[in-house]
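>
Residue numbers (our numbering), protein chains in the order written: chain W, 7 to 258; chain L, 7 to 258; chain A, 7 to 258; chain Y, 7 to 258.
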């Protein structure tokens, strides 16, 4: 199995190194292509207005002066591994949770999504803590998931969003399949003055969990379980199509 | 009705002016908050690492040195309209289609999504052409949709993704409710040399439609119909949860 | 005379329009190439790591997604005026003074410097006020300077740095040739907290005048005179070379 | 002696590590504050529109998401070394020459300039090669210069611009005090097409030496000598002031 690894915390992030080290144990080959600096919050943004530069580090990791999506977009073309396309994309280990609505903004999840046309379903991995300690726990869990991945049957273009509690491995209580919860709207933007007295607006953090009931990713992690949420790329709201059609009939 | 208008083509884009002009006819108030320059491909990216600057133009439009999502995030807080929160967010009119997988990368759709907690379902509007001519057609269609929007019943956090053929209004054949089609993987990145002889990688365009069957957004637009696709923010792949759970049982 | 006009406040700045309008009266042709947004403080920075985009506005002005130096670098090649190279570069009218040490950081002065290989000595024009009112005063003064410029004899690669008091034209007391004064080190950087509690450092304003004696640019402007300072591109400190050589003898 | 070290090639550049290692031998303390990525060509640009982030690496080096000038501006305030202001700023070792007109655009020289108010004259060091090999040569030379610096008498606000041939130390022929030569205008910008067929303009390299006579920095380096050019911050063209005043008399 050939694995492409990326993240959104940047090429020097400890979570990336931990992931590469764990997946390198079993894989036929790994190739790491990551942003040259922290690009948290980048979502699926693509860089179209300039060409990108690839820099090969001594570690063998490649950094790109672009977004997580850029990195995987270039990496799945096999540009950096002798024209060999990866079988699988794994993104992470993010320093912080990607739960509920976070998924919309997350560069970690976006990097995984960009691997949706590979042979195996891509995986995004996040460690749920503001000050993450146990990257090794998340690394070991994703290593095990990957080792079994050939036998997983899912619809094409499904992404696995994995969130791991920041605990020693032996304290992890198991793995739960979850749906996304969702968050309250976050704190309002903060007005700040620059040193020359002009008003600026700083976007504040995300909100707390608004829907963290049993079955959600929030709940699983809070209970000490690893959360695995299958995500579909297709956002069509099928069940809402009929009422919309009725409404539109009046307009046609 | 108080409407917040944004886009991803930037504050000087003709599609934005056309949209503001059309919606200004009926609304109690409109407020335009858009990026200071073209941010196509920005997806849902949020700017967290710096505060943002708002600039009020003579036109009354406000530009932000950030992403489409930033603009709507600030705008829905009512920062720029005497602390009044909008009832509705409308984003566009994008110069170019947002069909199928485009939705993942689109700043236009992302701006609309960021209005998901407003009272009325947000709308993203795109004009389907590489060299768009008929912004007035799209503007009139969205004006009519908005005028009826109070009577639409949809699930919370649904977004309407509207794509309009680039035709005179009288040649539009009607409005179809659609699902997202999807695109082939795009052209591979292009290797270019900079003037100093170093290799760079330029991400190429999106692919052609891979799934453009009847019922898709691609098909509707190609046939001369306006496409309206209801999008859900929640990407949980509910129908895939069971098989995933079975697979995980072995691991637990 | 063919004149290339640029600035660092960006293509939509009122000072740029005032300058173009004034110089357009007498010149054989003008060509305006300016940054797409405010690039104050850009100094002579050049963009080498990506190609630049030129956008032709309805006004005939061209904007570049780069620095002031980029704009003039492209403009003096004649790229945007049918391959005709300009005889002269004029940069401004900057909204704010460029006095003393400001010259090091100024994008306005840098844009002028980039025209140093044209036939006539480039001119940088700034209006000295935090809330500039009288762009027309500065515009008229630079128009007159330019109309006489053919008869000025200066060393090659000399730049004229012009600072105009923000007064009605009839209250301007005359024009003085000046040397650069210099400023005290500015206020120290300001520590701010971002909304997530992390420390950030915001560079504060420039310092007050430390050397504003008669003969300096600071003094002239304060007294109601236009200041014209000839700048040389060559920063070699000729008079300091001998003592340096003596010191180095011990090391050789 | 407390030394602040910076560069424009970024915090991971080998020239920075070589410089820090050499100067760390003799100094009472060193503090390294450098851009988080390559900022070649940044000149004296200052970041005013956003606050800056400082990141402390395991090596003890601090990176800033800004320009070389930003780094030194923050560093000379003593922010990163227990409020202790440095006695001296040394910038480099740049991977590539900074000769003649390069000085205008160089971030390496700009970083040194920003230390002009420290007790000792700042030093910019560059290794003259497209593929630099002998950082240790340049590091040793700057170490020796710094060790004698207390005895150097120069005018306030003088910067030493040091260029070192890319040779083993034993093949360096000595040190010459030089003036700046200058370069021909560089190659014209290169027109390129992006993958979507739009024209873009890529700024090409700097020109060859136009003035490389004996006495210039170009000449010294070509002959195998280290070049040390004293630079003055004050660009006032004193000898040109009289003829300018005569010319202006007609206008007054």
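Glycine included, every Cβ here is placed at the ideal spot set by N, Cα and C. Remember, it's a predicted structure, so these values are computed and weren't measured experimentally.
I want to verify the contact list: residues of chain A whose CB lies under 8 Å from the CB of residue 45/L, in sequence order.
Result: empty, since nearest Cβ-Cβ is about 12 Å, beyond 8 Å.
> Would you say residue 97/W reaches chain L, if we count a Cβ-Cβ gap shorter than 9 Å as a contact?
no
> If you drop the 5 nearest sequence neighbours on each side, which residues of the same chain put their C-beta closer than 8 Å to that of residue 290/L?
Nothing can be reported for residue 290/L: it is not among the residues displayed for chain L, which extend from 7 to 258.
> What's the gap between the Cα of residue 45/A and the Cα of residue 20/A?
15 Å
> Taking DSSP's pairing of strands, which residues face residue 126/Y in a bridge?
Partner(s): none; residue 126/Y has no beta bridge.
> Are the beta-carbon atoms of residue 98/A and residue 148/A separated by less than 9 Å?
yes
> Is the Cβ of residue 211/W closer than 9 Å to any Cβ of chain A?
yes
> Once DSSP output is grouped into helix, strand and coil, what is the label at residue 205/Y?
strand
> Measure the C-alpha to C-alpha separation of residue 250/Y and residue 76/L and round it to an integer number of angstroms.
51 Å
> What does the Cβ neighbour count give for residue 229/A, buried or exposed, with the cut at 16 atoms within 10 Å?
exposed
> Under three-state DSSP, which class holds residue 41/L?
strand
> What are the boundary residues of the beta strand (DSSP E) that residue 235/W is part of?
232–238
> What does residue 185/Y pair with, by DSSP beta-bridge criteria?
222/Y
> Considering only DSSP beta bridges, list what residue 61/A is partnered with.
69/A
> Determine, using beta carbons only, whether residue 13/L and residue 111/W come nearer to each other than 9 Å.
no
> Does the structure place the segment 51–63 of chain Y close enough to the segment 172–191 of chain Y that three or more beta carbon pairs sit under 8 Å?
no
> Does residue 150/L pass the burial test, meaning 16 or more other C-beta atoms within 10 Å, or should it be called exposed?
Exposure of residue 150/L is indicated by the presence of fewer than 16 other C-beta atoms within 10 angstroms of its C-beta.
> Residues of the segment 97–126 of chain Y with a CB closer than 9 Å to any CB of chain L: list them in chain order, please.
Of all residues in the segment 97–126 of chain Y, none comes within less than 9 Å of chain L when Cβ atoms are compared.
> Using the Cα positions of residue 209/L and residue 30/Y, report the straight-line distance between them to the nearest angstrom.
44 Å
> To the nearest whole angstrom, what separates the beta carbons of residue 183/A and residue 234/A, a pair I think is in contact under 8 Å?
For a cut-off of 8 Å, the C-beta gap from residue 183/A to residue 234/A is around 6 Å, short enough to register as a contact.
> When the Cα of residue 190/W is compared with those of 72/W, 24/W, 105/W, which residue comes out closest?
In terms of CA proximity to residue 190/W, 105/W leads the group 72/W, 24/W, 105/W.
> Show which residues of chain A have a CB atom less than 8 Å away from the CB atom of residue 42/L.
43
> With residue 101/L and residue 41/L assumed to form a contact (beta carbons below 8 Å), what rounded beta-carbon distance in angstroms separates them?
The pair is not a contact, with the Cβ atoms about 14 Å apart (cut-off 8 Å).
> Please report the residue range of the beta strand (DSSP E) in which residue 217/W lies.
Where residue 217/W is concerned, the enclosing beta strand (DSSP E) stretches over 215–217.
> Give a yes or no on whether the minimum CB-CB distance between residue 244/A and chain Y is below 9 Å.
Yes, residue 244/A lies at the interface with chain Y (some Cβ there is under 9 Å from its Cβ).
> For the putative contact between residue 227/L and residue 171/L, defined by C-beta atoms under 8 Å, what is the C-beta separation to the nearest angstrom?
5 Å
> Between the Cα of residue 67/Y and those of 140/Y, 17/Y, 88/Y, 232/Y, spot the shortest distance and give me the residue it belongs to.
17/Y
> Using a C-beta to C-beta distance shorter than 9 Å, which residues of chain A count as neighbours of residue 248/W?
The premise fails here: residue 248/W is roughly 42 Å from chain A at the closest Cβ pair, so nothing lies under 9 Å.
> Per DSSP, residue 8/L forms a beta bridge with which residues?
35/L
> Out of curiosity, what's the CA-to-CA distance linking residue 252/A and residue 152/Y?
16 Å
> Any Cβ of chain W within less than 9 Å of the Cβ of residue 177/Y?
So no, residue 177/Y is outside the interface.
> Of the residues 204/L, 212/L, 202/L, 207/L, which one's Cα is nearest the Cα of residue 192/L?
Residue 192/L has its Cα closest to that of 212/L, out of 204/L, 212/L, 202/L, 207/L.
> Could one say the Cβ of residue 189/A lies closer than 9 Å to chain L's Cβ atoms, at least one of them?
no
> Note the first and the last residue of the continuous alpha helix (DSSP H) segment covering residue 20/W.
20–30
> Starting from residue 91/W, find everything on chain A with Cβ-Cβ shorter than 8 Å and list it in chain order.
Ordered by position in chain A, no residue passes the 8 Å Cβ test against residue 91/W, which lies about 27 Å from the chain.
> Who are the Cβ neighbours of residue 206/L in its own chain at under 6 Å, not counting the five residues just before and after it?
198, 200
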